[in-house]
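In this note's numbering, each number is its position in the sequence shown, counted from 1, plus 107. By construction, the Cβ of each residue, glycine as well, lies at the ideal position given by its N, Cα and C atoms. Scroll down for the structure; my scribbles are underneath it.
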Amino acid sequence: MTDSLNTADGALPAAPNSGASAQPFTIAGTVIDPGASATIAIPVSNTATGLPASLYVRVLHGARPGPCIFVSAAIHGDEIIGTAVIQRLLAKLDAANMAGTVLFLPVVNIFGFQAHSRYLPDRRDLNRSFPGSAKGSLAAQLAAKFLKEVICHCTLGIDIHSAAVHRYNLPQIRIAPNNENLRELAMLFGAHAVIESPLRPGSLRDIARGEGVDMLLMEAGEALRFDELSVRCGVNGVLNVMAHLKMIQPHPEATQVTIPARSRRAIWVRAPRGGLCMLQQKSGDAVKKGEVIGRVAGIFGDDAQEFRAPIDGIIIGHAVLPVVNQGDALVHIAEVMRFGDVEERVDQITEALLNDRLLDEDELI
Ligand SMILES: [Zn+2]
């Protein structure tokens, strides 16, 4: 960081100035001037209390023209890591210094978020409810509003998830297969792993592709928890993407980016029996085919059964709850393209993120 890059109010330095001004931006009937920000409440329904329930969007509309993107969190209501990422980004970004527009949605599944639940009150999964409909279930209505008022404005979305409850995910970006533009964005995001995975029907990524919107899906950390590495990875990644799109200036101390673990196939290793699980490896560790990664024993510690890595790869997710049933998913292993130094590269990414002062919560850039 140099003094010349500081701005008076401590926000990120201005985007490259093309000289042109942006046009006003209209969302859900509200007009936002160039260089301004606004919080928009998009009515969805009433809650069971009869009080209004709305989808909240903070819009940062840059002073100069540029792309429109969205950053969303808590589509699964208990996966709250992206909410922390968005809070930290909002403290760093200033629309007056930006080009283009960002729509931030810290909580999409407003119902599940309050209940600490992945689902909506009707037990539907919002991320299987797209494109939704105005007359469908509550999940379908929320999905339809999100599609119409947010996704359709944008050319790119970054949707942030964590592992499901009682699991941890190594920070990773998941993208649709065989999309060069997405591959480039995923690599420069700076997460530990990039996974090309097929799209699930009814998911946000699936419907966004149909609308011509590219999607990066970030997975990081545990449900219902914040962890500093995951938050930093999300903040750094969104800023990297925005800088690449010339919406903000690049990181002033950006150095050679470490190549993440890249994979097209990941396998879950499941509990061989019910009991107490002791893991010998964790997310970020490289494992060789046949290597013991943990064991499950009875409550007296006897009759332990080991389980082993079925492939060479890197662990991208693991269970954190030791009490398991037979068949529970315990360790997620990604087969990687460059195995030899993958653990060193993953460690380098962790170290760089944790040492980057510009990603500190209180550090105004
Ligand atoms: Zn999720």
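Q: Using a Cβ cut-off of 8 Å (strictly closer), state whether Pro359 contacts chain B.
A: Looking at the structure shown, chain B is missing, and only one protein chain is on hand.
Q: Using the DSSP secondary-structure output, state which residues sit across from Gln412 in a beta bridge.
A: Val403
Q.
Using only CA atoms, which one of Ser337, Lys199, Gln248 lies nearest to Ile217?
A. Gln248
Q.
Which residue marks the beginning of the beta strand (DSSP E) containing Ile314, and which one marks its end?
A. Where Ile314 is concerned, there is no enclosing beta strand (DSSP E), although the alpha helix (DSSP H) it sits in stretches over 311-317.
Q.
At a cut-off of 7 Å, would you count His439 as near ligand 1, judging by its Cβ distance to the nearest heavy atom?
A. no
Q. Just how far apart, CA to CA, sit Ser179 and Pro429?
A. 31 Å
**Q.** Distance cut-off 7 Å: Glu186 Cβ against heavy atoms of ligand 1
**A.** yes
**Q.** Buried or exposed (CB count within 10 angstroms, at least 16 for buried), Pro379
**A.** buried
Q: May I have the straight-line CA-CA distance separating Ile134 from Gly391, to the nearest angstrom?
A: 41 Å
Q: Just list the alpha helix (DSSP H) runs in the stretch 264-299, keeping only unbroken ones of 4 residues or longer that don't cross its boundaries, in chain order.
A: 287-296
Q | Euclidean distance between Cα positions of Lys252 and Ala241 | A | 8 Å
Q) Where does the unbroken beta strand (DSSP E) through Met322 begin, and where does it stop? A) 321-329
Q. In the DSSP assignment, what residue or residues form a beta bridge with Phe150?
A. Reading off the sequence shown, one finds Pro at residue 150, where the question assumed Phe. Its beta-bridge partners are Ser161.
Q) Is Arg452 buried or exposed, if buried means 16 or more other CB atoms sit within 10 Å of its CB? A) buried
Q.
Classify Leu323: buried if its beta carbon has 16 or more other beta carbons within 10 angstroms, exposed otherwise.
A. buried
Q. Under 7 Å from any heavy atom of ligand 1, does the C-beta of His268 make it?
A. yes
Q) Taking the Cβ atom as the reference point for each residue, do Ala305 and Ile374 lie within a distance shorter than 8 Å? A) Checking the displayed sequence, the identity of residue 305 turns out to be Pro instead of Ala. No; because the gap between Cβ atoms is not below 8 Å, this pair is not in contact.
(Q) Suppose contacts are defined by Cβ-Cβ distances below 8 Å. Is Gly189 in contact with Gly344 by that definition? (A) no
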